[in-house]
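K.L.:
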Amino acid sequence: MLSTASVSVYPDTAEATLYGGPNVANDAVITGRVVVTGRSARQVASLQVTLRAQRGRRFQGQQSVTPPTQLQAVLVADGKAAVTHEQLSARAHSWQFSITVPGSTAETVFARTSFVAYELVAEAGVSGTFAGTVQSKPIAVAIKRAPPPDSVWAATAGAALFETADWRGQLQLALAADSRILHSDDQALAIRGIVRPLVKGLQLRRAAFQLVERIVLSSDSSSASRTVADIDVDIDPDQCTSSLLKQEGIALDHETSTERTLSVPTEYAGIQYDVHRGPIRTYHELALSVSIVDVQGSVHNLRLASPVFVLPRPCRAALPRYEDTPADRLVSPPALRRDSNFWDQFVLIDTTNSSAHARPEPALDACPLALQGYRPSDLSQAPPPSYPGAAHRIERTVVDHADVAQMQPLRRRRSRERLAEPFVVV
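Below, the structure is given as structure tokens:
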């Protein structure tokens, strides 16, 4: 009975993590094995494994914007094995492979119309009956990026988040969280919002915490935002002293605070990792949104937001241990590489003479976080990579839609009243 050869590739893991900043990162290694069945080892003339860009998905309306990638590992050349192989049976053999992924490789990310993705495929040239080239089924491999777990970036971004803002001298908002980093595991993130009235006569109608994702496409300079998580804070009607207040909200006679827990595994479904370089970029922010009624009876929707980072949890088991290093050595300052080019798009805005009615400068339009108050100031004092404002205290003024009506058209309200998304400017 004649049998054709078949090739299968089995990576040890379905992802590879690049540890470092957006511009400078350590290389990652993808390891695994290739199994060839239906042929003896002598009949395998050539064998190689390739990490390549995935093709566009025509029927799903998605195009691939993955940079050209062709990383190969040659296992057999001219009938001679370049690596050791293992005989699984009389007509089945296994070869180990290892592919180095450069630190400059763009991360895997999927948008609605385009994506960056990679796949592993093995190709074997066989001799004998049914000689020719046999290719394996492509296996998807995700390329991710994360800061080193013991880096200054991780320590700074992992510190507690606390942002404050003042609205017209009438109200103060504060947003606090245990960390700016969200991991895709079973660890929940505790968040807290504080509403502090500075004048009498205000009422609170609604409050909510939001986790917002922003995706920017470099090809056509388009962007899209979506609210991934919307956690409402219940307003207790029993705290209202009259039927009118039950419709308008509770009276803000003193500071009001609320705490909620963001269940990361539940809300993480569909969220992209943070990606700050490449054809598709993604950013995230945690926001406190409130709806209040002033003393004149006008409704104002306010929003205080601060950047957070959705990152893969680092695998500490894969990191080198101290006893594994042959010796310690000091690195001279000229040998250090600082990932400062990332900060060309982020500058801290001077809040001294900022005006709520002023339009943002045209040069800021290309910066995804321009309206949130970030621009480059002094690169010598720049925070660690991909962490806007880590080394600075960012003072912001919350502005509602009434102040920026000329900057963006209002959306049509739905039957169920929802908070609009006002700008946050400084």
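For the sequence shown, UniProt numbering assigns the number 1 to the initial residue and increments by one for each residue that follows. Glycine residues also receive a C-beta, built at the ideal position from the N, C-alpha and C atoms.
1) According to DSSP, G32 sits in a beta bridge with which residue or residues?
2) Rounded to a whole number of angstroms, what is the C-alpha to C-alpha distance between Y268 and V233?
3) Can you tell me the Cβ-Cβ gap for P11 and L88, rounded? I've got them flagged as a contact below 8 Å.
4) Tell me whether P307 sits in a helix, a strand or coil according to DSSP, three-state version.
5) For L217, which beta-bridge partners are listed by DSSP?
6) Helix, strand or coil for T227 per DSSP?
7) Quick check on V264: does DSSP put it in helix, strand or coil?
8) Just to confirm the assignment, what range does the beta strand (DSSP E) spanning T133 have?
9) Are the beta-carbon atoms belonging to A28 and A14 less than 8 Å from one another?
10) Can you tell me the Cα-Cα spacing of N26 and R145, whole angstroms?
11) If you drop the 5 nearest sequence neighbours on each side, which residues of the same chain put their C-beta closer than 6 Å to that of T164?
12) Applying the criterion that 16 or more other CB atoms from any shown protein chain within 10 Å of the CB defines a buried residue, is Q72 buried or exposed?
13) What's the C-alpha gap between S225 and G103?
14) Could you give the residue range of the alpha helix (DSSP H) that holds V152?
15) Rounded to a whole number of angstroms, what is the C-alpha to C-alpha distance between A124 and S306?
16) Compute the distance between the beta-carbons of I280 and V101, then report whether it is under 8 Å.
17) Which residues does DSSP list as the beta-bridge partners of N301?
P.N.:
If we stick to the structure as given:
1) Partner(s): P11 and F97.
2) Each residue's alpha carbon lies about 20 Å from the other.
3) Incorrect: roughly 18 Å between the Cβ atoms, too far for contact.
4) Correct three-state label for P307: strand.
5) DSSP lists S222 and I280 as partners of L217.
6) The DSSP-derived three-state label of T227 is strand.
7) The answer is helix: DSSP assigns V264 an H, G or I state.
8) Where T133 is concerned, the enclosing beta strand (DSSP E) stretches over G132 to Q135.
9) With respect to the 8 Å criterion, A28 and A14 are not classified as neighbours on the basis of their beta carbons.
10) Here the alpha carbons of R145 and N26 stand approximately 10 Å from one another.
11) The residues A174, in chain order, have a CB closer than 6 Å to that of T164 in the same chain once the five nearest residues on each side in sequence are set aside.
12) Answer is exposed; the Cβ neighbour count stays below 16.
13) In a straight line, the C-alpha of S225 is about 28 Å away from that of G103.
14) Secondary structure note for V152: its alpha helix (DSSP H) is the uninterrupted segment V152 to A157.
15) Each residue's Cα considered, the two are about 51 Å apart.
16) Taking 8 Å as the Cβ cut-off, I280 and V101 do not qualify as a contacting pair.
17) DSSP lists S291 as partners of N301.
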